[in-house]
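Residue numbers 1 to 339, in full-length UniProt numbering, belong to the letters of the sequence shown in order.
Everything below concerns the one structure shown next.
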Amino acid sequence: MFVLVLAACGSDEEAAGTDGDTGADSDATETEDTGSDTEEGDSKEASEKLVIGFSQVGAESEWRTANTTSMQDAITDAGHELKFSDAQQKQENQIKAIRSFIAQKVDAIVFSPVVETGFETVLQEAKDAKIPVFLSDRAVDIEDDSLWVTFLGSDFIEEGKKAGNWLVEEMEGEGEVNIVELQGTVGSAPAIDRKEGFEQIISEYPNFEITKSQTGDFTRAKGKEVMEAFLKSDGDNIDVLYAHNDDMAIGAIQAIEEYGLKPAEDIVIIGVDAVKGAFEAMAAGKMNVTIECNPLFGPQMVEIIEQYLAGEEVPKRIAVEESMYTMDQAEELLPTRQY
Ligand code: AHR
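Structure below.
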């Protein structure tokens, strides 16, 4: 049987997982079963301690922090060793981190790609080293899907559609509806897909129009800055803000108040993630709706890795089930929110 030799933590890229219980029960449904299993002779016993490298996008949002904690806790609580790297939203940092995991001969790599493209070479290197890669949260746009085992995360197109459907139901029959859009990180799967899903819905309604659209990089600071610019150039003509995440929506709410308008009344505010900050904003009457994007799937990812390394088949895509929350539900649900 394969015996793991565990290296002591020490490099800059390594960080011990936190001890706290996230209560992170993820709720997932299998969407596609193309199957995938380990190469013969590589399988490990379920109880075996694994070394898992986790290359995370960054710390750009409340959502991301919750996802990092969920994954770190799940890995260490299961008795495995974690090697963690925060890419600070830079692709080159992720490529370096994955190379470092390969050099350290980890048993598995969990990878949440900053952007969709440009990872072929490094993923091929992982494959050549026989280290399986598990995509977490964000997918890659790569032709050769043998370079990764499975994708576990949200259906971002569906999230965009939910936002569009909510808006159309809410404002159909109100004449011209001018929408400004705060996009996520350029080239990232959630930015591309949330835009696409939303546009698929509103394109059916000629009175709904996206009049301005710019990236706010998924951060509050950038969301505020870009919203200030939108207001400056077109302040009296904005009916709706569609922000690809709650952090940007929260930053934009500040900008709207400073400009002298009432968020959720003068401008309808739609966010994505359903983080606590959005529930607080909704409870305060400043945000209308948030589309859930559940980050608490660390335990499920660990289970999938263990199954795969034990030689079991795993589905190629696993989607996390999600909901949507409106302003009138916020006060009651706020105390129950885990992230
Ligand atoms: O990939 C998930 C997205 O990334 C979240 O919606 C956003 O908040 C984060 O930064």
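Cβ coordinates follow ideal geometry from the N, Cα and C atoms, glycine included.
Quantities reported herein were computed from a predicted structural model and do not represent experimental measurements.
Residues in its own chain within less than 7 angstroms of residue i by CB, not counting five upstream and five downstream?
i      : result
Asn207 : Gly175, Glu176, Val177
Asp155 : Ala319
Gly271 : Ala243, Asn245, Asp246, Ala249, Ala278, Met287, Thr290
Mind checking residue i: buried by the 16 CB within 10 Å criterion, or exposed?
i      : result
Thr290 : buried
Val115 : buried
Thr219 : buried
Thr215 : buried
Thr336 : exposed
Glu321 : exposed
Ser323 : exposed
Gly153 : buried
For residue i, which residues from the same chain have a beta carbon less than 8 angstroms from its beta carbon, with the 5 sequence-adjacent residues on both sides left out?
i      : result
Lys195 : Gly160, Glu181, Gln183, Ser213, His244
Ala66  : Thr22, Val275, Pro295, Leu296, Gln338, Tyr339
Glu332 : none
Glu228 : Ala255, Glu258, Tyr259
Ile146 : For clarity, residue 146 is Ser in the given sequence; the question names Ile instead. Closer than 8 angstroms at the Cβ level, and outside the excluded window around Ser146, lie Lys127.
Is residue i near the ligand AHR, in the sense that its beta carbon is under 6 angstroms from a heavy atom of that ligand?
i      : result
Pro263 : no
Asp137 : yes
Ser203 : no
Asp273 : yes
Glu60  : yes
Pro190 : yes
Trp148 : no
Arg337 : no
Asn245 : yes
Phe218 : yes
Arg317 : no
Trp64  : It is worth fixing the name first, because residue 64 is Arg in this sequence and not Trp. Yes, the Cβ of Arg64 comes within 6 angstroms of a heavy atom of the ligand AHR.
Looking at residue i: is its Cβ nearer than 7 angstroms to the Cβ of residue j?
i      : j      : result
Pro295 : Trp63  : yes
Ala274 : Tyr242 : no
Lys224 : Gln254 : yes
Phe84  : Phe119 : no
Thr185 : Asp141 : no
Leu309 : Lys44  : yes
Gln94  : Gly58  : no
Ala252 : Phe198 : no
Ile157 : Ala129 : no
Val110 : Ser70  : no
Can you confirm whether residue i, when its beta carbon is compared against all beta carbons of chain D, has any partner nearer than 7 angstroms?
i      : result
Leu334 : Of the protein chains in the structure, only one exists, and it is not chain D.
Using a Cβ-Cβ cut-off of 6 angstroms (strictly less than) and excluding sequence neighbours within five positions of residue i, which residues of its own chain qualify?
i      : result
Met282 : Met327, Ala330
Thr68  : Gln56
Ala269 : What sits at residue 269 in the sequence shown is Ile, not Ala. Correct list, in chain order: Leu241, Ala249, Pro263, Met287, Asn288.
Asp107 : Leu50, Val51
Ser203 : none
Ala74  : Gly298, Pro299, Val302
Leu334 : Phe279, Ala283
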